[in-house]
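Q: Structure incoming, see below.
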Amino acid sequence: MSGNTGDATGSLSTYSEIMSVVAVVIWGTLSDRMSRRSIMSISLVIIGVITIAYPHAKNLYPTLLILRLIYSIGTAGVTCMMAAMMVEIMGKRNGFLVGLIGICTGLGAIFAAFCLFSVPSRFAYLQKDLYDPISIVVGYATIGACCAFVGFLLWPAMPKKKGPGSDDAVAVPTERRSYKDFFIRLYRGIKAGKNPSIALGFISSFFARADEIVISNFISLWIQEYYIEAGMCTIGATCYPASGTTETMTGIAQSVALASAPLFAIMSEFLPKEYGVMLAGVIGAVGCFPFARSLDPTSNTSLAYVILIAIGQYGMIISGMAMIGNNNIEPDIQGSVAGAYSFCGAIGIIIVSKIGGVLFDKFMKGAPFLLLGIGHVICSLFALVLACIRLFHYIRDRRQNK
-3 MSGNTGDATG
7 SLSTYSEIMS
17 VVAVVIWGTL
27 SDRMSRRSIM
37 SISLVIIGVI
47 TIAYPHAKNL
57 YPTLLILRLI
67 YSIGTAGVTC
77 MMAAMMVEIM
87 GKRNGFLVGL
97 IGICTGLGAI
107 FAAFCLFSVP
117 SRFAYLQKDL
127 YDPISIVVGY
137 ATIGACCAFV
147 GFLLWPAMPK
157 KKGPGSDDAV
167 AVPTERRSYK
177 DFFIRLYRGI
187 KAGKNPSIAL
197 GFISSFFARA
207 DEIVISNFIS
217 LWIQEYYIEA
227 GMCTIGATCY
237 PASGTTETMT
247 GIAQSVALAS
257 APLFAIMSEF
267 LPKEYGVMLA
277 GVIGAVGCFP
287 FARSLDPTSN
297 TSLAYVILIA
307 IGQYGMIISG
317 MAMIGNNNIE
327 PDIQGSVAGA
337 YSFCGAIGII
347 IVSKIGGVLF
357 DKFMKGAPFL
367 LLGIGHVICS
377 LFALVLACIR
387 LFHYIRDRRQ
397 NK
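Under my numbering, the sequence shown has 396 at position 400, and the numbering climbs by one with no breaks.
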């Protein structure tokens, strides 16, 4: 593509996330009739097969779009089952648990940045012709095959326990489960947002998931556009310098952010949970605003800003998950709140991806990060208000006790 790359990237992300929302409903209903290991394995195989087919797409619409939509069905199944298992094991001391989940997420991101991103380029260097497209095909095929293999590997490794509709679980009978039931539970979860702490968790999910998609899509796109404008790459050809720079920047940023995950886990465990959201929001905003105005996205200064954005993203994910895992939530709606939390994240991706993609083409390359900076400020202010209310109640109660 030679133009409107931001809009195309944002549109693909938007449409795929809409499909994910629909797929979550389907997978959630099927989980009442199938074991979770079945859904997890099938979803990973879908992801692997589509990854293999991805470089064979000849056009953006409809081929690439169809592949992205099917890919989203697979990712929705994986995230849906992960959320279900997380809610099952969430206990009273959830700060360390969500911290561990955040660390595992970071390890996956680092593996993708340092290993998966470089697979096509490493195959290219093995070819006589550096720009031979077969290296891209083989690279994606290798990644897809590994993903499908993991899907088959998880089948015997995961427990056989079925969803709540099975005989070994006490829950609503399977025949009463329906798509309508999903929306009823989603409504109950959103309604729980009347609690300011849960509402803050929903808002943090909105912008944390948007962080993920902006970091993964728009940083690489911006760097590629920068190299094309500098004459180091050509339109329509694989830009290996951009791939290498993206790999280095995101890999370093995710590594540093991973090291910060225990800090937010400890804060979520021993301090009021809004403190973690407030700190993550401030750090993310400090990174987003100057990076959005950067003239060179590949500079060391830009790398520092990306590191701050990644730390803010991790902090928002960990602290936000801790907010919805709060013991103040009634047990019978914990699953509904978890579903609403994921739904808010999906809406964040849909909105920020589309608006950010259009602004990337029409306004400036850093526009998506400007949107994220505003979001981080909103989260910080909301958390600050809750912290002030908590402090006010604490002082008032102490005076009354005297």
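Note that the Cβ used here is the ideal one computed from N, Cα and C, for glycine as well. Given the structure is predicted, the values throughout are model-derived calculations rather than measurements.
Looking at I224: is its Cβ nearer than 8 angstroms to the Cβ of M245?
A: Start at 1 with the first residue of the sequence shown, and residue 224 comes out as number 228. Start at 1 with the first residue of the sequence shown, and residue 245 comes out as number 249. No, Cβ-Cβ distance for I224 and M245 is not below 8 angstroms.
Q: Which of helix, strand or coil does DSSP assign to F239?
A: Reading the sequence shown from its first residue, position 243 is the one you call residue 239. The identity of residue 239 in the sequence shown is Ser, whereas the question assumes Phe. In the structure shown, S239 sits in a helix (DSSP, three-state: H, G or I).
Q: Confirm, please, whether the CB-CB distance from S68 to A19 is below 8 angstroms.
A: If you number the sequence shown from 1, residue 19 lands on position 23. If you number the sequence shown from 1, residue 68 lands on position 72. In this structure, S68 lies closer than 8 angstroms to A19 by Cβ.
Q: In this structure, does DSSP put S31 in helix, strand or coil?
A: As a working mapping, residue 31 is identified with position 35 in the sequence shown. Note: S31 maps to strand in three-state DSSP.
Q: On the criterion of 16 or more Cβ atoms from any shown chain inside 10 Å, does K207 qualify as buried, or is it exposed?
A: Counted from its first residue, the sequence shown places residue 207 at position 211. Note that residue 207 is Asp in the sequence shown here, rather than Lys. Looking at its Cβ environment, which holds 16 or more other Cβ atoms inside 10 Å, D207 is buried.
Q: Are K361 and W218 close, meaning C-beta to C-beta below 8 angstroms?
A: Along the sequence shown, read from residue 1 onward, the residue named residue 361 stands at position 365. Along the sequence shown, read from residue 1 onward, the residue named residue 218 stands at position 222. In this structure, W218 lies closer than 8 angstroms to K361 by Cβ.
Q: For my contact list, F119 and G344 are in at a C-beta cut-off of 8 angstroms; report their separation, rounded to the angstrom.
A: The residue labelled residue 119 in the question sits at position 123 within the sequence shown. The residue labelled residue 344 in the question sits at position 348 within the sequence shown. Incorrect: roughly 35 angstroms between the Cβ atoms, too far for contact.
Q: Let's test the definition: count the other Cβ atoms within 10 Å of the Cβ of S338 and tell me whether it reaches 16, buried, or not, exposed.
A: As a first step, residue 338 must be located in the sequence shown, where it is residue number 342. Per the 10 Å Cβ criterion, buried.
Q: Thinking C-alpha only, which one of V115, V381, F378 is nearest Y236?
A: By one-based count along the sequence shown, residue 236 stands at place 240. Nearest of V115, V381, F378 to Y236, Cα basis: V115.
Q: How big is the Cα-Cα spacing for Y183 and S193?
A: As a position in the sequence shown, residue 183 is number 187, starting the count at 1. As a position in the sequence shown, residue 193 is number 197, starting the count at 1. So the two alpha carbons sit approximately 17 angstroms from each other.
Q: Could you tell me the alpha carbon to alpha carbon distance between H372 and I48, rounded to whole angstroms?
A: In the sequence shown, counting from the first residue as 1, residue 372 sits at position 376. In the sequence shown, counting from the first residue as 1, residue 48 sits at position 52. Computed Cα separation, rounded: 36 angstroms.
Q: Could you tell me the alpha carbon to alpha carbon distance between V302 and Q396, rounded to whole angstroms?
A: Residue 302 sits at position 306 when you count from the first residue of the sequence shown. Residue 396 sits at position 400 when you count from the first residue of the sequence shown. So the alpha carbons of these two residues sit roughly 47 angstroms apart.
Q: Considering just the uninterrupted stretch of the alpha helix (DSSP H) at D393, what are its terminal residues?
A: Residue numbering aside, residue 393 sits at position 397 when the sequence shown is read from its first letter. D393 -> alpha helix (DSSP H) spans 363 to 397.
Q: Cβ-heavy atom distance between D292 and the ligand ATP below 7 angstroms?
A: With respect to small molecules bound, the structure shown includes none, and the ligand ATP cannot be examined in it.
Q: Tell me the rounded alpha-carbon separation between V41 and R394.
A: Sequence index remark: in the sequence shown, residue 41 carries index 45 (1-based). Sequence index remark: in the sequence shown, residue 394 carries index 398 (1-based). In a straight line, the C-alpha of V41 is about 58 angstroms away from that of R394.
Q: Pairs of beta-carbons, one from the region 264 to 280 and one from the region 307 to 320, closer than 8 angstroms: are there three or more?
A: Short answer: they touch.
Q: Is R32 closer than 8 angstroms to M154 when the C-beta atoms are compared?
A: Position 158 of the sequence shown, counting from 1, holds the residue named residue 154. Position 36 of the sequence shown, counting from 1, holds the residue named residue 32. Closer than 8 angstroms, so yes.
Q: Are the beta-carbon atoms of S39 and V17 separated by less than 8 angstroms?
A: On the sequence shown, residue 39 is found 43 positions in, with the first residue counted as 1. On the sequence shown, residue 17 is found 21 positions in, with the first residue counted as 1. No, Cβ-Cβ distance for S39 and V17 is not below 8 angstroms.
Q: Please look up how many angstroms separate the CB atoms of L61 and Y11, rounded, as I've assumed it's under 8 angstroms.
A: In the sequence shown, counting from the first residue as 1, residue 61 sits at position 65. In the sequence shown, counting from the first residue as 1, residue 11 sits at position 15. 6 angstroms between Cβ atoms; contact.
Q: Can you find the residues in the same chain that come closer than 6 angstroms, C-beta to C-beta, to L366, ignoring five residues on each side of it along the sequence?
A: The residue you call residue 366 lines up with position 370 of the sequence shown. Hits under 6 angstroms: A288.
Q: If distances are taken between C-alpha atoms only, which option among K269, L387, C142, I391 comes closest to S200?
A: Walking along the sequence shown from the start, residue 200 turns up at place 204. The residue with the shortest Cα to Cα distance from S200 is K269.
Q: Enumerate in chain order the residues of its own chain whose CB-to-CB distance from L96 is below 7 angstroms, with the five nearest sequence positions on each side excluded.
A: Residue mapping note: residue 96 aligns to position 100 of the sequence shown, counting from 1. Once the five neighbours on either side are set aside, L96 has no close Cβ partner at all.
Q: Rounded to whole angstroms, what's the CA-CA distance from I132 to F110? Just pull it up for me.
A: Reading the sequence shown from its first residue, position 136 is the one you call residue 132. Reading the sequence shown from its first residue, position 114 is the one you call residue 110. Using only the alpha carbons, I get a separation of about 17 angstroms.
Q: Would you decide whether A167 is buried or exposed? Buried here means 16 or more other CB atoms lie within 10 Å of its CB.
A: Counted from its first residue, the sequence shown places residue 167 at position 171. Reliability fails at A167, whose pLDDT of 39 lies under 50, so the model's placement of it is uncertain and no value is given.
Q: Express the C-alpha separation of F179 and G161 in angstroms, rounding to a whole number.
A: Residue 161 sits at position 165 when you count from the first residue of the sequence shown. Residue 179 sits at position 183 when you count from the first residue of the sequence shown. At G161, the pLDDT of 44 sits below 50, so the modelled position is not reliable; the number obtained from the coordinates is stated separately. Straight-line Cα distance between these residues: approximately 17 angstroms.
Q: Going by beta-carbon coordinates alone, are I43 and T71 separated by less than 8 angstroms?
A: As a first step, residue 43 must be located in the sequence shown, where it is residue number 47. As a first step, residue 71 must be located in the sequence shown, where it is residue number 75. A contact, by the Cβ cut-off of 8 angstroms.
Q: G311: which of V278, I346, I46, F148 sits nearest, CA to CA?
A: Start at 1 with the first residue of the sequence shown, and residue 311 comes out as number 315. Cα-wise, what sits closest to G311 is V278.
Q: Would you tell me roughly how many angstroms separate the C-alpha atoms of L304 and D292, rounded to the nearest one?
A: One-based indexing of the sequence shown puts residue 304 at position 308. One-based indexing of the sequence shown puts residue 292 at position 296. L304 and D292: Cα-Cα distance of roughly 17 angstroms.
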